[in-house]
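See below for the structure under consideration.
Dropping the structure here:
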């Protein structure tokens, strides 16, 4: 979702207010009413009833490993928060793989849209030293510098070593620039759809699918697709029963991870443009909101809450710790707090992330946004996240 995150693109969004009404005709329905299939659909049929195209290729053990090795790689300058944190949290919670959070360079990773910093567990260079044979899976989030030579080279090298490469949301740009999508089927964030088609005509771009697999390369649609594709990866590694159990453990009882997706619903409408413009222009009403974080904070719930509150153009979510220093998340991520309680914390503090049902944080945060800033702002955030459940 990198394309919404710079001031220049904000000005572009404001400029769209002068565009043709015909461009938005028929698109406003996605903001006005909920759709049939949420990102993690509640279904009456069990997950086992998924059609075959909804299943990723089962993991085949290799290199003598008892568990697959998963590397999630960030680019230090700016990486999408939920794209990076959610796969780490879900796969770590599953306990079916060794999961490592990497960055191309030493030092903290700056996240967007929430200005949270995360310390990587290792650099890509260190990973190569420890695992010269490569990972089994490499997950690539949306990053600001998707043409970074070091990132492109590393992802290509991992593919050459036999890893399955997963491009989450606008992480597809990295895969495409690395040449990994040539001649393959793929998908991506709705906002990037036409740019991707024009830039990479050799790729077979798909719609109506939340994630697409083609010969050890997996791509997904927008931000909210990280949850279902992470559950689909757990299913590929450990079976449907474990994935179903995990969804239940994370607060998603009865949830499925179907690849089916109403792509045509995601378009910029006049209501969205007016919301962007109104929120951006009313700078006097912008606010920082604090999210309490302490040792053992649930990174899944934290990332979802921070992302939603930082994508409104009305608020920015900051991680607020009780004391200075790194905060270790529930599953081992090192978070650099933005503020300290009692020192420079925002005047408005939100509730702490719910560790009991972290998958519910997305819907809960969207409800909070609707209450705080109105339903149109909540609908705009859901559109950015390509979340069909709101």
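In my numbering, the protein residues as written are 52 to 441. Heads up, the beta-carbon is just placed ideally off N, CA and C, and yes, glycines get one too.
Cα-Cα separation between residue i and residue j, rounded to whole angstroms
i: residue 334; j: residue 365; result: 8 Å
i: residue 340; j: residue 219; result: 27 Å
i: residue 396; j: residue 166; result: 14 Å
i: residue 119; j: residue 426; result: 42 Å
i: residue 441; j: residue 399; result: 25 Å
i: residue 174; j: residue 159; result: 11 Å
i: residue 98; j: residue 302; result: Confidence at residue 98 is low in this model, with a pLDDT of 36, below 50, so the placement of that residue is unreliable and no value is reported for it.
i: residue 434; j: residue 317; result: 7 Å
i: residue 117; j: residue 211; result: 22 Å
i: residue 238; j: residue 392; result: 42 Å
i: residue 420; j: residue 414; result: 10 Å
i: residue 154; j: residue 161; result: 11 Å
i: residue 313; j: residue 258; result: 8 Å
i: residue 325; j: residue 332; result: 10 Å
i: residue 349; j: residue 328; result: 34 Å
i: residue 337; j: residue 362; result: 12 Å
i: residue 196; j: residue 300; result: 35 Å
i: residue 446; j: residue 200; result: As displayed, the chain neither begins before 52 nor continues past 441, which places residue 446 out of reach and without an answer.
i: residue 143; j: residue 150; result: 6 Å
i: residue 102; j: residue 432; result: Bear in mind that a pLDDT of 39 at residue 102, under 50, signals an unreliable position, so the number given afterwards is only what the model happens to contain. Taking the straight line joining both Cα atoms gives about 30 Å.
i: residue 315; j: residue 185; result: 38 Å
Assigned secondary structure, residue i (DSSP; H/G/I helix, E/B strand, else coil)
i: residue 200; result: helix
i: residue 126; result: coil
i: residue 145; result: helix
i: residue 418; result: helix
i: residue 432; result: helix
i: residue 206; result: helix
i: residue 82; result: For residue 82, the predicted structure reports a pLDDT of 30, less than 50, and the residue's modelled location is therefore unreliable. A value from the coordinates is still provided. Helix.
i: residue 318; result: coil
i: residue 380; result: coil
i: residue 347; result: coil
i: residue 438; result: coil
i: residue 411; result: helix
i: residue 100; result: At residue 100 the pLDDT is 34, less than 50, meaning the model places this residue with poor confidence and gives no usable figure here.
i: residue 274; result: helix
i: residue 359; result: helix
i: residue 254; result: coil
i: residue 235; result: coil
DSSP beta-bridge partners of residue i
i: residue 151; result: 122
i: residue 339; result: 367
i: residue 260; result: 311
i: residue 133; result: Its beta-bridge partners do not exist; DSSP assigns none.
i: residue 385; result: 170, 379
i: residue 188; result: 121, 215
i: residue 269; result: 217, 264
Residue i vs residue j beta-carbon contact at 9 Å
i: residue 141; j: residue 291; result: no
i: residue 293; j: residue 187; result: no
i: residue 105; j: residue 321; result: no
i: residue 261; j: residue 298; result: no
i: residue 370; j: residue 342; result: yes
i: residue 124; j: residue 223; result: no
i: residue 235; j: residue 209; result: no
i: residue 217; j: residue 203; result: no
i: residue 412; j: residue 355; result: yes
i: residue 152; j: residue 183; result: no
i: residue 191; j: residue 169; result: no
i: residue 358; j: residue 274; result: yes
i: residue 438; j: residue 330; result: no
i: residue 214; j: residue 248; result: no
i: residue 406; j: residue 388; result: no
i: residue 401; j: residue 360; result: yes
i: residue 265; j: residue 251; result: no
CB-CB length for residue i against residue j, believed under 8 Å
i: residue 228; j: residue 198; result: 6 Å
i: residue 448; j: residue 347; result: The question about residue 448 has no answer, for the chain in this structure spans 52 to 441.
i: residue 272; j: residue 323; result: Between residue 323 and residue 272 the Cβ distance is about 17 Å, and since that is not below 8 Å, they are no contact.
i: residue 122; j: residue 194; result: So it is not a contact: roughly 15 Å between Cβ atoms.
i: residue 287; j: residue 110; result: 5 Å
i: residue 384; j: residue 139; result: 6 Å
i: residue 285; j: residue 145; result: 5 Å
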